[in-house]
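Scroll down for the structure; my scribbles are underneath it.
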Amino acid sequence: MAEESQTEQSRAYFYRNFTYTRDHLARDYLAELHNYHDDSWEYPQRAARLSAAVKRYKTYRMLCFIFEIAESVDLDFTPLTVKRLCTRLFGRSGSQDMIVAIFGQKGRQHRSRDNTPSTLDEIADRYRLAAHSCQASTLRDIESVKRDYQAEIRKGKEQAAP
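In UniProt numbering, the protein residues as written are 1 to 162.
Listed below in structure tokens is the structure:
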């Protein structure tokens, strides 16, 4: 049996430890409704939790995309390379802690051969359209979850009205 590549190991670790699908996002939004009480529901904390959920989902989808293109791009995926590539493709880098946990290699002492602006720009140019499509799909998912959340709020208010 052939040994797994570093990218395959990172991918397995990512899906095992950081999966956060649209269903997870919807579940977190609905949990806010279920935990609602007039006397203890604090708007800033709820907004922070929902914002964090959205960021987790965006980061998850962004890193899924990175693993999709990893199939056809032979890159040395280090945390810095991934961060810079994400910034070029999505305009954001995601969670630094997560990226280090997924792509970091204990004891590594050499820089990535692929962490050059020209290499990253070339890859970003090649995959920019697909990245925009992924980002648009992610935003549609988020808006859909928010609409469902708002509908549940309205339904709850209608049921509570005398």
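Virtual Cβ for every residue (Gly too), placed ideally from N, Cα, C.
Every alpha helix (DSSP H) of 4 residues or more that sits fully in the region 2-72 is shown, in chain order, as 6-17, 22-34 and 43-70. Cβ neighbours of Ser-10 within its own chain (closer than 7 Å, five residues either side excluded): Phe-77, Ile-102 and Phe-103.
Arg-88 sits in a helix when the DSSP states are folded into three classes.
In the displayed model, Gly-104 falls within coil according to three-state DSSP, outside both helix and strand.
Nearest neighbour of Ile-153 by Cα position, chosen from Leu-30, Tyr-20 and Thr-21, turns out to be Leu-30. In the assembly as shown, Lys-155 is an exposed residue. Its beta-carbon has fewer than 16 other beta-carbons within 10 Å.
Ala-131: member of the alpha helix (DSSP H) spanning 117-160, first to last residue. Going by beta carbons, Tyr-60 and Phe-18 fall inside the 9 Å limit.
Asp-74 sits in coil when the DSSP states are folded into three classes, being neither helix nor strand. Our two residues, Asp-28 and Pro-117, have alpha carbons roughly 38 Å apart in a direct line. Judged by their CB atoms, Ala-124 and Phe-65 are not nearer to each other than the 9 Å cut-off. Per DSSP, reduced to three states, the secondary structure at Asp-97 is helical.
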